[in-house]
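Asker: Counting from 21, one number per residue, gives the positions in the sequence shown under my numbering.
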Amino acid sequence: MFYWITKYAAFVYIKMVYGLKVTGSENVPKEGGVIICSNHMSNFDPLVVVCCVKRMICYFAKKELFDTKWKNFWMRHLKAFPADRSITDMTALKTGIKILKDGGALGIFAQGTRVKKGEKVDAKNGVALFAVKGNACIVPVGINADYSKKRTPVRVNIGKPIYVEKNGKGAVKSEELTKITENVMKEIEILMEK
């Protein structure tokens with residue numbers, strides 16, 4: 021209930037303060053494991069994506085956002101879970117895979133951090149790894165927004181699902197994961213410019 025109330029409040033705020041234009045919301049599968057992968061310029065981005073997707077999205081969030089009782093309560097009720105970005109966090113990895121295998125929606129920022137326009141940060145292969153291990157498709161999302169300017173519409177373009185082919189050989193090679201990740205990032209870049 022907390023999640024949906026917060027989502028509605030965020031939607032009203034974004035619509036009133038900025039305006040919100042969404043295309044492609046029909047591209048998000050209604051059921052089954054799905055990864056929602058977007059660009060990430062601002063702390064507003066997760067809320068914006070949540071407002072544009074009808075399904076409940078569970079997001080990775082840096083562990084520092086859970087370091088007080090109040091923040092921990094807030095983040096967990098928004099269905100976020102902590103990840104330690106300084107290591108390969110196996111607990112976060114297992115949590116993400118379980119969400120997908122249980123048919124849920126997982127929110128991931130492929131670059132793992134906020135990236136301002138004009139900055140270049142390589143994407144990590146986590147999104148591809150989750151797609152393979154969680155047997156999920158990836159839905160690319162491009163956000164075009166300037167949150168510093170009121171009344172400037174936030175534009176969100178949701179792309180068609182990217183299905184990852186399994187080769188049936190067990191472990192997936194790093195090169196294959198990189199190729200999937202690059203493909204997802206190209207789609208996100210195209211969607212950002214629409």
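Built from N, CA and C at the ideal position, the CB exists for glycine as well.
From a predicted model like this one, the values you see are computed outputs, not experimental measurements.
Can you check the region 127-176 for any beta strand (DSSP E) of at least 3 residues that lies completely inside it and give the ranges in chain order?
Answerer: Counting whole runs of 3 or more residues, the region 127-176 contains the beta strand (DSSP E) stretches 157-164.
Asker: Hey, residue 179 and residue 211 are a contact pair by Cβ (cut 8 Å); roughly how many whole angstroms apart?
Answerer: Correct: roughly 5 Å between the Cβ atoms.
Asker: Does DSSP put residue 102 in a helix, a strand or coil?
Answerer: Correct three-state label for residue 102: strand.
Asker: From which residue to which residue does the beta strand (DSSP E) around residue 40 run?
Answerer: Note, residue 40: beta strand (DSSP E), 40-43.
Asker: Identify every run of the beta strand (DSSP E) within the region 50-105, keeping only runs that are complete inside it and at least 3 residues long; order them along the chain.
Answerer: Correct list: 54-58, 77-82 and 101-103.
Asker: One question on the structure: do residue 22 and residue 97 come within less than 7 Å of each other, judged by their Cβ atoms?
Answerer: Closer than 7 Å, so yes.
Asker: Whole angstroms is fine: what's the gap from residue 134's alpha carbon to residue 65's?
Answerer: Between residue 134 and residue 65, the C-alpha separation is close to 9 Å.
Asker: Does the pairing of the region 201-209 with the region 61-76 give three or more beta-carbon distances under 8 Å?
Answerer: Too few Cβ pairs lie closer than 8 Å, so no.
Asker: Measure the Cβ-Cβ separation of residue 123 and residue 56 and say whether it is below 7 Å.
Answerer: Result no, Cβ atoms of residue 123 and residue 56 do not sit closer than 7 Å.
Asker: Mind checking whether the beta-carbon of residue 56 lies closer than 6 Å to any heavy atom of the ligand ZN?
Answerer: The ligand ZN is not among the ligands present in this structure, which contains no ligands whatsoever.
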